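Asker: In the order they appear, the protein sequences are chains R and S.
Heads up: the first sequence is residues -14 to 454, going by the working numbering.
Heads up: the second sequence is residues 96 to 507, going by the working numbering.
Cβ atoms here follow ideal geometry from the backbone N, Cα and C, with glycine treated the same way.
Just so you know, these numbers come straight off a predicted model, no measurement behind them.
Starting off with a structure, shown below.
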Amino acid sequence: MFPNELARQQRAKVRLAITFASAGAVVLGALAVFQEFPEPPWLWGLFAVSFVFFEWNTVEVNDKLFASPSIMVVMTAAVAFGPMSAVLGTCAMAAVALFTPEDIRQRRWFQPAVNFGQLILTAAASVVVLALILRAGSSSGEANLAVTAFASGLAAMIYGAVNYWLVLFIVRSVYGHREARPWSHMTSILLPLTGMGFLGGLLGATYLLVGAASLPLIAIVFFTGYMAFESYAKLREAQLSTLAGFIKALEAKDLYTRGHTERVAYFANMIGQAMGYNGTQLEKLRWAALIHDVGKLAVPRTVIRKKARLTDDEYEEMQAHVHHVEDLLSEVDFLRPMVEVASNHHAHFDGNGYHGSTGELGEIPSLDARILAVADSFDAMTSTRSYRVALSQGYAFSELRKHAGTQFDPNVVEVFVSVLTASGERYGSPEELTDDEARRRAEHGIGHSHAATESPHMDTNRGSGAGRG
Amino acid sequence: MAETRLRILSYIVAAALSLTAVAFGLVGLTAAGVDQTLWIVDVAVWTVVIAVVSMIAVPAPSGSLLSLGIGAVVAASILVEDITAFGAAVAAALVIVSLVEGRFSFMRPRTDGDFLSDALAAIAYSTLFVYAADTIERLAFTDPYWGSVFAVAVGGLGWFVVRALVSAFVGVERTDLAGRYLWLLALEDWAVVVSLLAAGALFGLTWPVMGLWALAVAVLPYAFGHLAFERYHSTKVTYGQTIRALAQIPEVAGLAPRGHSTRTAELAVAVAQEMGLHPNDVNELEYAALMHDVGRITLNEPAILKAGYTDEDIARWGAQIIAEAPYLSQVSELVEQQHRPYRSPGIEFDPDVPMASKIIKVASAYDQGRVELGLSAIEALERIHQGSAYEYDPQVAASLRRVLVFRGEIPY
Chain R
-14 MFPNELARQQ RAKVRLAITF ASAGAVVLGA LAVFQEFPEP PWLWGLFAVS
36 FVFFEWNTVE VNDKLFASPS IMVVMTAAVA FGPMSAVLGT CAMAAVALFT
86 PEDIRQRRWF QPAVNFGQLI LTAAASVVVL ALILRAGSSS GEANLAVTAF
136 ASGLAAMIYG AVNYWLVLFI VRSVYGHREA RPWSHMTSIL LPLTGMGFLG
186 GLLGATYLLV GAASLPLIAI VFFTGYMAFE SYAKLREAQL STLAGFIKAL
236 EAKDLYTRGH TERVAYFANM IGQAMGYNGT QLEKLRWAAL IHDVGKLAVP
286 RTVIRKKARL TDDEYEEMQA HVHHVEDLLS EVDFLRPMVE VASNHHAHFD
336 GNGYHGSTGE LGEIPSLDAR ILAVADSFDA MTSTRSYRVA LSQGYAFSEL
386 RKHAGTQFDP NVVEVFVSVL TASGERYGSP EELTDDEARR RAEHGIGHSH
436 AATESPHMDT NRGSGAGRG
Chain S
96 MAETRLRILS YIVAAALSLT AVAFGLVGLT AAGVDQTLWI VDVAVWTVVI
146 AVVSMIAVPA PSGSLLSLGI GAVVAASILV EDITAFGAAV AAALVIVSLV
196 EGRFSFMRPR TDGDFLSDAL AAIAYSTLFV YAADTIERLA FTDPYWGSVF
246 AVAVGGLGWF VVRALVSAFV GVERTDLAGR YLWLLALEDW AVVVSLLAAG
296 ALFGLTWPVM GLWALAVAVL PYAFGHLAFE RYHSTKVTYG QTIRALAQIP
346 EVAGLAPRGH STRTAELAVA VAQEMGLHPN DVNELEYAAL MHDVGRITLN
396 EPAILKAGYT DEDIARWGAQ IIAEAPYLSQ VSELVEQQHR PYRSPGIEFD
446 PDVPMASKII KVASAYDQGR VELGLSAIEA LERIHQGSAY EYDPQVAASL
496 RRVLVFRGEI PY
């Protein structure tokens, strides 16, 4: 990054911090004039503590269900405080949460200053709406409960939207007009958000109707739920990192495949993103890439490292790694869809090649498998293997293009070539070889002709750069 | 034997509950000042509600299934005015559950032990709740809501303790599981029990003032937790599957005997449970036992095979591989220690070797004796006994013998 760009960012940060902090202070000051501080004070303290707790400890779960319990706390507090002190009370709660422990540890000033304004503005915008609705519908009874619940849901939606736009605004003004999507799935989290608000409003009404005795019960249900979600998230993280770490460790035992799966996962992710995959689909693709060569760990090194052409038996053994993957990992429930992709990464676009047990000869592999095939072959060509030196990126591209339509999906190949070129990253031999030279090197020490993609027999491309990935 | 005793015991409890329901019915319906129609409606409604809700199982962290009925019983305890009606409804619902549960394919299977611990815990709760509510009435709490919360807390404590005690008692019936192990296992489920108690109480308090909205107030927050319990359970299952799968890589590669890791893990877990290790330790031991031979994958390197290797090398290589997974450092440690003998030259016994590692060593050696050397159960055990107090921990060897006796593999 250029120095003047950094200076510009610094100036933008200072400007933003001052604007947001003073906007927050002005709103808070104005509210102190128009509204009363909630009674009793311990109630406010209780809600403030829970709000800060949830702001600081958001459980990161992939499926957005427990996205933001802090919004629920805001709505519960707003209803419990009553319309006359809801806005001031919730804004004061929000103001307390300006520092995160991380900020304090790192002595950051920009984040807390902006947070202060952002939280207050968000809370004020949403709770004002809620307070107005609550004041208008002052009839009592069960109809009032419905109004409270739905108004809180609406307010939560506003909270989410305002927060989203403010974050977007901040990121844009600091980092310029680069693509900034802090909540890339805004629409998909609106529903859980509204649900949280709805429930929050009901819980606030519960406090008004039943009294303080309801608070410990609500707290217990939420705290245990939160704990369960946390331990679930931890366990999930443990599981994923175990699998990834294990594969890495096993792979590291072999000099030639070291880092292979990680690079393949990286390329596959790149292609997936360029083809418009969403988070879940990318996750699946990444896992398929990480496990695609697990079976190879069970193939004797003598076969993998062999410099000369493989005998039929050895070739058979080599291809068995596709089945090893299935044998090993099909028992793992959550990996089942990924195993199907991984076991088809040697299947060809035209239906030839080596299919796993779920695919048949002549069947077109899934898009995931086609992406994985391109990523795998590219990395195989651009890294040094026992049977040849690494090839250049240009050569690898031309090989991919040459076999596009037969071995590879032409669309995937073009997407990959264009994103990798656009990224400016370079892989493989730095030496730009001519096509003939590269071929000569590729065939050197392997003594097998290249093409042979015509044959539907599974020894197609045996030993070629594109086939032995 | 033990199963029959449990069955008889659960029949006795079910019969006693039926009698209680009838007795409460007679007392309640004949007592002066009781609106009989209201009484019958109360009992009928709550019997159905508790019975139906009890059919829903909550997967607890320990792996056992708790009944959602806890919440319904708590709600009933607050909402049903008449003590006899409450008692009759709970007793009748428990009897229905004992008759129906597990009969249909869509239900999760539950054992007599599950029924016993749930039923006795519900009885403990009801008794304590009624007693506490009575005391509170005499103490004249200013806020009746706080009174209810207090009574639920007292009853809930009873529920939790009785359930854990009964679970441990059921374990005493089986000689292959230590009561201590089961007691600790049941204590692990406190979050689920507390969450259900609070959700039930929330419903009980809000129903009179909020009507059907009370359902949302009580059920929605609990639903988040329930979802998390479910997810936790299924992730735990797939975590186990993942480790099982990875542990088999050397076996698929032909570098370790097929099925050895699975059999060793199964036996090691049984021994650990018999010895009463902490459930968390048993969990780690299972993973370590599954992966104790994973270092053998290194043997597919021809140079290493040529240079030769020892058991210590296998253990060390395995530990190195496992250490790459950030959450398995404990397991890695256990795998590294598993080759170490009970008594090293020059010392009486080695206090640094974790019990789990000693168990894995014994289980692995037993399986090796059975499968690789083709020995009978008694011969394989004799082989362990011969190395006892030198190579193998005598305590573990004794525990292994008890497990094998329980399984009927050896006569004594």
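Taking three-plus beta-carbon pairs below 8 Å as touching, is the region 220 to 230 of chain S in contact with the region 273 to 286 of chain S?
Answerer: no
Asker: Would R:D388 pass as an interface residue toward chain S - the criterion being a Cβ-Cβ separation below 9 Å?
Answerer: Position check: residue 388 of chain R holds His in this sequence, whereas Asp was assumed. No, no contact with chain S.
Asker: With 7 Å as the C-beta to C-beta threshold (strictly closer), list the residues of the region 217 to 242 of chain R near chain S in chain order.
Answerer: Y217, L220, R221, A223, Q224, S226, T227, L228, G230, F231, K233, A234, L235, K238
Asker: Shortest alpha-carbon distance to S:V289 belongs to which of R:S55, R:L202, R:F5, R:A365?
Answerer: R:L202
Asker: What whole-angstrom Cβ distance do S:L429 and S:I392 have, given they're in contact under 8 Å?
Answerer: S:L429 to S:I392, Cβ: 18 Å. No contact.
Asker: Which whole-angstrom value is the C-beta distance of S:W134 and S:L124, which I expect to be below 8 Å?
Answerer: Your pair S:W134 and S:L124 checks out as a contact, with CB atoms roughly 6 Å apart and the cut at 8 Å.
Asker: Check distances from the C-beta atoms of the region 319 to 339 of chain R to those of chain S and list, in chain order, the residues that come in under 8 Å.
Answerer: The region 319 to 339 of chain R vs chain S, Cβ under 8 Å: F319, L320.
Asker: If you measure beta-carbon to beta-carbon, which residues of the region 188 to 212 of chain R are closer than 9 Å to chain S?
Answerer: L188, A190, T191, L194, V195, G196, A197, A198, S199, P201, L202, I203, A204, I205, V206, F207, F208, T209, G210, Y211, M212
Asker: Which residues mark the beginning and the end of the beta strand (DSSP E) in which S:V143 is found?
Answerer: Annotation for S:V143: no beta strand (DSSP E) segment contains it, though the alpha helix (DSSP H) segment containing it runs 131 to 149.
Asker: Taking the alpha carbon of R:W94 as the reference point, which residue from R:M255, R:W41, R:W29, R:K(-2) has its own alpha carbon closest?
Answerer: R:K(-2)
Asker: On the three-state DSSP scale, how would you describe S:Y327?
Answerer: helix
Asker: Does the beta carbon of S:Y327 sit closer than 9 Å to a beta carbon anywhere in chain R?
Answerer: yes
Asker: So what does DSSP say about R:D48, is it helix, strand or coil?
Answerer: Model confidence at R:D48 stands at a pLDDT of 48, short of 50, so the residue's coordinates are unreliable and nothing is read from them.
Asker: Can you pull the chain R neighbours of S:P316, defined as C-beta to C-beta under 8 Å?
Answerer: L184, L188, I203, V206, F207, G210
Asker: Check the C-beta distance from R:S158 over to R:L1 and give it rounded, since I have them as a contact under 8 Å.
Answerer: Right, the Cβ-Cβ distance comes to about 6 Å (below 8 Å), so this counts as a contact.
Asker: Mind listing which residues of the region 412 to 423 of chain S have their C-beta closer than 9 Å to chain R's C-betas, in chain order?
Answerer: W412, Q415, I416, I417, A418, E419, A420, P421, Y422, L423
Asker: Find the nearest neighbour of R:L235 within the set S:E381, S:L282, S:I417, S:L310, judged by alpha-carbon distance.
Answerer: S:I417
Asker: List the residues of chain S that R:E316 touches, going by C-beta distances under 8 Å, in chain order.
Answerer: Q336, R339, A340
Asker: Going by DSSP, what residue range makes up the beta strand (DSSP E) through S:S159?
Answerer: Here S:S159 belongs to no beta strand (DSSP E), and DSSP marks it neither H nor E.
Asker: Answer yes or no: does any C-beta atom of chain R fall closer than 9 Å to that of S:F319?
Answerer: Taking CB atoms only, S:F319 has a neighbour in chain R less than 9 Å away.
Asker: Please specify which runs of the alpha helix (DSSP H), each continuous and at least 4 residues long, are wholly inside the region 288 to 339 of chain R, giving them in chain order.
Answerer: 297 to 314, 321 to 327
Asker: Strictly by DSSP, which residues pair up with R:R370?
Answerer: R:R373
Asker: Would you decide whether R:F39 is buried or exposed? Buried here means 16 or more other CB atoms lie within 10 Å of its CB.
Answerer: buried
Asker: For R:T265 and R:G186, which I take to be in contact (beta-carbon distance under 8 Å), what is that distance rounded to the nearest angstrom?
Answerer: Not confirmed; about 31 Å, so no contact.
Asker: Which of the three DSSP states, helix, strand or coil, is assigned to R:Y217?
Answerer: helix
Asker: Go through its chain and collect everything with a Cβ distance to S:I173's Cβ below 6 Å, but skip five positions before and after it.
Answerer: S243, G299
Asker: Could you give the distance in angstroms between the alpha-carbon of R:R200 and the alpha-carbon of S:A294?
Answerer: According to the sequence displayed, residue 200 of chain R carries Leu and not Arg. Distance between the alpha carbons of R:L200 and S:A294: 12 Å.
Asker: Less than 6 Å between C-beta atoms, sequence neighbours within five positions excluded: which residues of the same chain meet that for R:H309?
Answerer: G280, A283
Asker: Using a Cβ-Cβ cut-off of 8 Å (strictly less than) and excluding sequence neighbours within five positions of S:Y240, which residues of its own chain qualify?
Answerer: Contacts found: L300.
Asker: For a contact meaning CB atoms closer than 7 Å, what does R:A130 contact in chain S?
Answerer: According to the sequence provided, residue 130 of chain R is Leu. The question's Ala does not apply to it. Near R:L130 (Cβ distances below 7 Å), the residues of chain S are M305, W308.
Asker: Tell me where the alpha helix (DSSP H) around S:D462 begins and ends.
Answerer: 450 to 462
Asker: Strictly below 9 Å CB to CB, what residues from chain R border S:V347?
Answerer: Ordered by position in chain R, the residues that pass the 9 Å Cβ test against S:V347 are G280, L282, A283, H309, D312, L313.
Asker: Examine chain R for any beta-carbon lying closer than 9 Å to the beta-carbon of S:V312, and answer yes or no.
Answerer: yes
Asker: When the cut-off is 9 Å and only beta carbons count, does S:D406 lie next to chain R?
Answerer: no
Asker: Can we count S:F264 as close to the ligand NAP, meaning its CB is less than 8 Å from some heavy atom?
Answerer: Among the components modelled here there is no ligand, and therefore nothing to report on the ligand NAP.
Asker: Which runs of the alpha helix (DSSP H), 4 residues or longer, sit entirely within the region 274 to 337 of chain S?
Answerer: Qualifying alpha helix (DSSP H) stretches, in chain order: 274 to 282, 285 to 305.
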